[in-house]
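Asks: In this note's numbering, the protein residues as written are 326 to 541.
Please find one structure pasted underneath; my questions will follow.
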Amino acid sequence: MPGAESSSSSSIATGGAPETEDQKILNALGQALGQNIVAAGLSPDELAFVQRGLSDAALGLDADVDLDQYGPQIQAFMESRVAGAAEGELALATAFMDEQAGLEGAERTESGIIILEMTAGTGPSPTADDTVQVHYHGTLRDGTVFDSSVDRGEPATFPLTGVIPCWTEGLQRISVGGKSRLVCPPSLAYGPQGRPGIPGNAALVFEVELLDIVQN
C-alpha cells in the first residue's frame, strides 16, 4: 500500500475470504462503503489511499492528512471524477450497445433498447399502467451482477410506472410466460449519475421473465 512506511499510520490487511458471520457482516460493510464511491472510478492505487484514511480514522490513529483542510475539497473532487468516469463509460456503453444490436435475433427499438427474445410467451402483454410480477437477472456490460431476483429466489412485483424507462417500455414487449434479454442504454437506465453498484452512463443487461400481470 502506498505510504505504508509511515509509523504514524496504519495499513489494511487484506486477509482471506470471510468465514464467520461477523466477518461476513464486516465484508458487507466494506461493500456498502465501496458502492458509494464506485462511480468515481478509482484505480487500485487510489483506493489504497482511501483504505489508509479509513483505517486511520476507524482505529483512532494519527492521520497523514488534515481532514479540516482537505475534507471540504472532497465533494468537488468526487464530482469531477464521477463526471470523467461517466464520460468514459458512455463511450464503452455505446460500443457495447452497437455490438449487442448485431446479435442474431436482436431488435433495436426507436428509443434504443435492444430486445432479444429468449422464450416466447403465450399470455397477454402488460400496458404501462399495469403491475407485473417478474424474475430478472441484471448485469453490467462486463457481466458483473448488480441485482437479481433469480439469485434471491423470490420474484419481484412492481408497477411499470415505478421503474426505469427501459423496463416500462421493454416489459410491454414481453407476453406472460415469456423471457427476453433487455439491453438498456444509459439514457433509459440510471444516466450519468448512476447509483450504488452501477457506474454513471452504464449500459445495463437484464434477463427478464414475465410471470404475471397482477390484477389490482
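No residue lacks a Cβ here, since even glycine has one placed at the ideal position from N, Cα and C.
All values derive from a computational prediction rather than experimental measurement.
If you count every other CB in all the chains shown that lies within 10 Å of the CB of E432, and 16 or more means buried, which is it?
Replies: Counted from its first residue, the sequence shown places residue 432 at position 107. E432 is exposed by the Cβ-count criterion.
Asks: Can you have a look at E414 and say buried or exposed, based on whether 16 or more other CB atoms are within 10 angstroms of its CB?
Replies: Position 89 of the sequence shown, counted from the start, is the residue given in the question as residue 414. Looking at its Cβ environment, which holds 16 or more other Cβ atoms inside 10 Å, E414 is buried.
Asks: Rounded to the nearest angstrom, what separates G519 and L384 at their Cα positions?
Replies: Along the sequence shown, read from residue 1 onward, the residue named residue 519 stands at position 194. Along the sequence shown, read from residue 1 onward, the residue named residue 384 stands at position 59. Each residue's Cα considered, the two are about 32 Å apart.
Asks: In three-state DSSP terms, what is S474?
Replies: For the purposes of this step, residue 474 is taken as residue 149 along the sequence shown, with counting starting at 1. Correct three-state label for S474: helix.
Asks: Mind listing, in chain order, the continuous alpha helix (DSSP H) runs of no fewer than 4 residues lying wholly within the segment 418-490?
Replies: If we require 4 residues or more, the alpha helix (DSSP H) runs fully inside the segment 418-490 come out as 474-477.
Asks: Please list, in chain order, all residues of the same chain as Q356 whose beta carbon is under 7 Å from its beta carbon, the five residues on each side excluded.
Replies: Counted from its first residue, the sequence shown places residue 356 at position 31. So the list is empty, once near-sequence residues are dropped.
Asks: In the DSSP assignment, the alpha helix (DSSP H) including I350 goes from what residue to what residue?
Replies: Looking up residue 350 in the sequence shown gives position 25. Segment 346-360, the alpha helix (DSSP H) holding I350.
Asks: CA-CA distance, Q540 and T456?
Replies: Here residue 540 refers to the residue found at position 215 when the sequence shown is read from its first residue. Here residue 456 refers to the residue found at position 131 when the sequence shown is read from its first residue. Rounded to the nearest angstrom, the two C-alpha atoms are 7 Å apart.
Asks: Have a look at A373 and P517 and give me their C-alpha separation to the nearest angstrom.
Replies: What you label residue 373 is simply residue 48 of the sequence shown in a count that begins at 1. What you label residue 517 is simply residue 192 of the sequence shown in a count that begins at 1. Approximately 25 Å between the Cα atoms of the pair.
Asks: Let's test the definition: count the other Cβ atoms within 10 Å of the Cβ of L529 and tell me whether it reaches 16, buried, or not, exposed.
Replies: Your numbering for residue 529 matches position 204 in the sequence shown. By the neighbour-count rule (16 or more Cβ atoms within 10 Å), L529 is buried.
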